[in-house]
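Quick notes on the structure that follows.
Rendered as structure tokens:
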């Protein structure tokens, strides 16, 4: 159905600019309006770019005008979309962005038709779970800013090529549910995570971002995470040095640890504590590990071993 009327203009940039402004100033900005038009052939043609030449030269341009089945890159952000079924014929999609829309579920969506899709972003929608989400060719999946409460359906059989997963700003309380041995980067900042668990299958993970959660311990880190090089636990609730003991499982791989804004930073000489557990670290927070720090940590380790003997 065609839409008519006026709606307020919206963008992510305006959200960030409005942060801290008072209510009257925000309401004043709603005086900027845009006209809503139905999607038609002229609007779509104007937005077409990066047309690919096929074996029949550019004969498929005619098809684009009518059914658009050869579109490769599609950005539908900042609309009111809740149903992707009209896109089912676009089986050549490589890149799809539907940020800041009204999607609530992946059920009955035509994602299984997009067998070549490599990059998918459904950030800032109303998704509450991942049931129905599939992507055999997806390499990057962005689900930040939704209301997802638990990880389900992320099996290696359905996401064998997934290497980057973003779930920032959801409602996760645990890391359980990841069965993605090929995953390289996992972003879980700004959730409600209290427990690290179910990480054993993340054998190739190089980056784990857990900033601004509710961790009080790092128990759950495991030796199977043998590729992890970057760990960010900034802004959690870790208060004691003993809560860091599980870091020793990462001795063979971890190069950077971001631990600022935890109570432990003010409670103990945390850099020295961390280096005793991870003497191979190259950077703690923003500062590189110095030769003096490394030497002192090794001396402490050696002294401890001698005393134990």
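In my numbering, the protein residues as written are 6 to 314. We put the CB at the ideal spot given by N, CA and C, even for glycine.
- Per DSSP, residue 281 is one residue of the alpha helix (DSSP H) stretching across 275-282.
- Under the criterion of beta carbons closer than 8 Å, residue 123 and residue 137 do not qualify as touching, at roughly 19 Å.
- Only residues of its own chain outside the window of five on either side were considered, and among them 216, 217 and 266 have a CB closer than 6 Å to the CB of residue 240, listed in chain order.
- In the displayed model, residue 80 falls within a strand according to three-state DSSP.
- Residue 121 holds the alpha-carbon nearest to the alpha-carbon of residue 75 among 258, 271, 121 and 104.
- In the three-state reduction of the DSSP assignment, residue 263 falls in the strand class, which pools E and B.
- For the options 268, 118, 78 and 150, the alpha carbon positioned closest to that of residue 249 is the one of 268.
- Contact check for residue 182 and residue 163: beta-carbon distance about 13 Å, past the 8 Å limit, so the pair fails to qualify.
- In the structure shown, residue 126 falls within a strand segment according to DSSP collapsed to helix, strand and coil.
- Here the alpha carbons of residue 179 and residue 132 stand approximately 18 Å from one another.
- By the Cβ test, the segment 188-196 is not in contact with the segment 222-229, since fewer than three Cβ pairs between them sit closer than 8 Å.
- As the crow flies, the alpha-carbon of residue 209 is around 15 Å from that of residue 145.
- For residue 270, the enclosing alpha helix (DSSP H) starts and ends at 269-272.
- For residue 209, the three-state secondary structure derived from DSSP is coil.
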